[in-house]
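Step one of this worksheet: look at the structure below.
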């Protein structure tokens, strides 16, 4: 293509005048790839540096602008065999990376301090029962204070800041009791050190910080990993638009660089890159990703088209309008706003626990102080005992109990091709009792497929090879059937009509019935609704090839497995009733509704909610986005419309529907483990609090009890790996039914095959 | 016990050196591509400069 490609929106300037660009690269899988890419690029004149980040499957290139340009670099990568997609790193991602570095620094400081303070503390504990002089003990206490106080002031910031934010907003979270506990422990220890007392808690406070930071960092790393992966996928999908400039020249620009008012050309077979009105041309548009409707809509000049539709027949020029001004998009946005507001009211398990925990603990401490005073103890002793209660109940284990399970479960889901958007989705997935499916693109495959049963294989092979020369989306489905992937020489495409070529001395035509001279009425009457036909003729032999939506390969098995788990399965579709009923009967789903508008989908979900049901919505269309946001929890296939993806709690990869089932299973087990962990911490407190109230806690007991409970809870969370992964093999086999086992995304066909960052392993 | 006067600071300094080394490696970006580092040692870039090996 001689068309100019404009990468300028992705290129950054370094301070020394060289240009810099980040690219997501498909297909990096081994050590050889790193070398091949890096040496291949640095050989080019003008390229200053090329560095592959294997973990992120990304490439950073620096070059001198006067010698080479970005388009040349991308085409060179393509020549050595790698598809590269430039992307502008999102602000949120950069923030997360920054945050991760900060947490790691805090963790390092806390770890250093914890080790050294513990060294001094153990000396004191053993010295207390042998021959240590009180001067040496004081020296060790002062040294501990010198290490612990600055370290806690630095490493405790993540908790102090979060606690402060929560208090300003007039509610509490888990970080409030943590911060109170740590500050009191340090303050008391400092006072005791100054008064030459025997017991200080510097080691407990700083070890606690270390454990909590470990949990915080792991949780953050999990979120960052999924976000990175999602960012790569998004850039692989990011399309280029053909912009018509003022002088009639075509420029390829990334969709993100389109502005309202730009004129763009949409060729047959292309996705419509932005919302807009058609200026010239007429075509048929497949809007199944927008409305769920599978029959193409005829459009002419003046009509409004939405981003995400596929242009079938003719080339269109259109004018981009500001996103969200279309009537449908407007309505979807308004509904989304309402639905998201309603959802923010659900409270996470951890926060619920924190709300119960903080008042109980603080009251117990206050009662302890009052109790000891009434029993005749001195004010000093009463306060020391009360603070000991606070220190020993400082919710270290509680703060680890839920995140630890979340991290392990998210890793499990990641390996089975489910990417979480929000951390608490696991809890909500576990509560689900009703599963609502969208039909088009969710229960069925996003791309149409050919019904091969009625056609002579030899004829089909010829038609499929001819289809290789066409840009029509239906032809693309047919072309996938071709065994010999070589197009016929001198094949000519007549836009909007079909392709013709000379095969074995006779003319062959593929396209509309009229183009091929075939009687359109002779179509197979038994074809299900929503099926499109392509005619093929070759030397007097003709065929009508049915191309339509097909179910995902394991849809039937997954729906049965869901029903076997006692879940209600419902279909809410925007498509015609004929098309929906066919799918519903095939899957054995009794509850279905067709021809729903976005608002009606929400209404249907609200009705289910009012029956006290917890709804899992699985959908992919723009019209599903509000319903995804309104449901208790939601899933989208990775092929979904952008808006749907951003409002789903998790995305699943690949052709199979099994990840939906797996997500529910993993979530249920994870929730069971979370509850177990909460019970464990309650038992721990039930044992430890009476000791503390009785005033018997020494720093040694505090250190052992607190570290012990944290380790116990973390080990219990790791059990998720064992209990979740062992039964999965049999479930996967059951869910896949007749389909051969192909669990990892790496084995699946299509553009996703190379994007597998982690799930492949 | 006078030995503590210099032994404890020495122990602390050693720990501090470890901490500073870690912070330095973090700042210089050594934790950004952990999987890549594992694979890069397999590449023969350094050997290829030797005319006998290829």
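Protein chains in written order, with the numbering used here: chain X, 1 to 761; chain Y, 762 to 815.
Glycine residues also receive a C-beta, built at the ideal position from the N, C-alpha and C atoms.
This one's a predicted model, so the numbers in the text were calculated from it and none came from an experiment.
Does any CB atom of chain X fall closer than 7 Å to the CB of residue i?
i, result
"residue 768 of chain Y", "no"
"residue 710 of chain Y", "In the structure as shown, chain Y begins at 762 and stops at 815. Residue 710 of chain Y is therefore absent and cannot be evaluated."
"residue 776 of chain Y", "yes"
"residue 789 of chain Y", "no"
"residue 783 of chain Y", "yes"
"residue 764 of chain Y", "no"
Measuring only the C-alpha atoms, how far is residue i from residue j?
i, j, result
"residue 334 of chain X", "residue 607 of chain X", "19 Å"
"residue 187 of chain X", "residue 801 of chain Y", "49 Å"
"residue 192 of chain X", "residue 798 of chain Y", "48 Å"
"residue 278 of chain X", "residue 450 of chain X", "31 Å"
"residue 40 of chain X", "residue 46 of chain X", "13 Å"
"residue 225 of chain X", "residue 719 of chain X", "22 Å"
"residue 551 of chain X", "residue 578 of chain X", "15 Å"
"residue 274 of chain X", "residue 582 of chain X", "33 Å"
"residue 133 of chain X", "residue 707 of chain X", "28 Å"
"residue 139 of chain X", "residue 115 of chain X", "18 Å"
"residue 392 of chain X", "residue 703 of chain X", "9 Å"
"residue 510 of chain X", "residue 25 of chain X", "36 Å"
"residue 727 of chain X", "residue 792 of chain Y", "The predicted model places residue 727 of chain X with a pLDDT of 43, which falls under 50 and marks its position as unreliable; any figure quoted below should be read in that light. Using only the alpha carbons, I get a separation of about 35 Å."
"residue 692 of chain X", "residue 364 of chain X", "10 Å"
"residue 118 of chain X", "residue 206 of chain X", "9 Å"
"residue 32 of chain X", "residue 440 of chain X", "41 Å"
"residue 738 of chain X", "residue 557 of chain X", "For residue 738 of chain X, the predicted structure reports a pLDDT of 35, less than 50, and the residue's modelled location is therefore unreliable. The matter cannot be settled from this model."
List, in order along the chain, the chain Y residues whose C-beta lies closer than 8 Å to that of residue i?
i, result
"residue 546 of chain X", "Residues of chain Y passing the Cβ test: none, with the nearest at roughly 46 Å."
"residue 116 of chain X", "772, 773, 776"
Can you find a C-beta in chain Y that's less than 7 Å from the C-beta of residue i?
i, result
"residue 232 of chain X", "no"
"residue 483 of chain X", "no"
"residue 108 of chain X", "yes"
"residue 35 of chain X", "yes"
"residue 31 of chain X", "yes"
"residue 87 of chain X", "no"
"residue 229 of chain X", "no"
"residue 210 of chain X", "no"
Which residues in chain Y have a C-beta closer than 7 Å to the C-beta of residue i? List them in chain order.
i, result
"residue 711 of chain X", "Residues of chain Y passing the Cβ test: none, with the nearest at roughly 23 Å."
Run through chain X and tell me which residues come within less than 8 Å of residue i, C-beta to C-beta.
i, result
"residue 786 of chain Y", "What residue 786 of chain Y touches in chain X: nothing, since even the nearest Cβ is about 10 Å away."
Any heavy atom of the ligand ATP closer than 6 Å to the Cβ of residue i?
i, result
"residue 82 of chain X", "Annotation note on the ligand ATP: not contained in the displayed structure, which lists no ligands."
Could you work out which residues of chain Y lie near residue i, taking near to mean beta carbons separated by less than 9 Å?
i, result
"residue 112 of chain X", "776, 777, 779, 780, 783"
### Message
Under 8 Å, with one C-beta from each stretch per pair, do the region 377-387 of chain X and the region 640-659 of chain X reach the 3-pair mark?
### Response
no
### Query
Does the count of Cβ pairs from the region 392-399 of chain X and the region 710-724 of chain X closer than 8 Å reach three?
yes
### the region 172-188 of chain X / the region 66-74 of chain X touching (three or more Cβ pairs under 8 Å)
In short, these stretches do not touch, since the Cβ pair count stays below three.
#### Entry: Segment contact flag, the region 196-203 of chain X with the region 140-150 of chain X, C-beta cutoff 8 Å, min 3 pairs
yes
### Query
Just checking, does the region 102-118 of chain X make contact with the region 154-167 of chain X on the three C-beta pairs under 8 Å criterion?
With a cut-off of 8 Å, the region 154-167 of chain X and the region 102-118 of chain X count as touching, because enough Cβ pairs lie within range.
### Query
Are there three or more Cβ pairs, one per stretch, closer than 8 Å when the region 667-680 of chain X is compared with the region 354-373 of chain X?
no
### Query
In the region 139-161 of chain X, which residues sit with their C-beta less than 8 Å from some C-beta in chain Y, listed in chain order?
Result list: 139, 143, 147.
### Message
By the 8 Å beta-carbon criterion, what residues does the region 49-78 of chain X contribute toward chain Y?
### Response
52, 53, 54, 55, 56
#### Entry: Within 7 Å of chain Y by C-beta, residues of the region 388-419 of chain X in sequence order
Residues: none.
### Query
Within the chosen definition, does the region 290-302 of chain X reach the region 613-626 of chain X through at least 3 CB pairs nearer than 8 Å?
yes
#### Entry: Interfacial residues, the region 643-671 of chain X to chain Y, with Cβ spacing under 7 Å
none
### Query
Do the region 47-60 of chain X and the region 119-126 of chain X make contact, defined as three or more Cβ pairs closer than 8 Å?
no
### Members of the region 93-107 of chain X that neighbour chain Y once the beta carbon cut-off is set at 8 Å
101, 104, 105
### Message
Quick test of the definition: if touching needs 3 or more C-beta pairs under 8 Å, does the region 583-598 of chain X touch the region 565-574 of chain X?
### Response
yes
### Query
At a cut of 8 Å, does the region 460-467 of chain X reach the region 309-317 of chain X through at least three beta carbon pairs?
no
### Task
Could you tell me whether the region 411-420 of chain X touches the region 647-664 of chain X, where touching means 3 or more Cβ pairs closer than 8 Å?
yes
### Message
Across the region 477-494 of chain X and the region 436-450 of chain X, are there enough close Cβ pairs to call them in contact, namely three or more that are closer than 8 Å?
### Response
yes
#### Entry: Sufficient close CB pairs (3 or more, under 8 Å) joining the region 643-657 of chain X to the region 420-435 of chain X
yes
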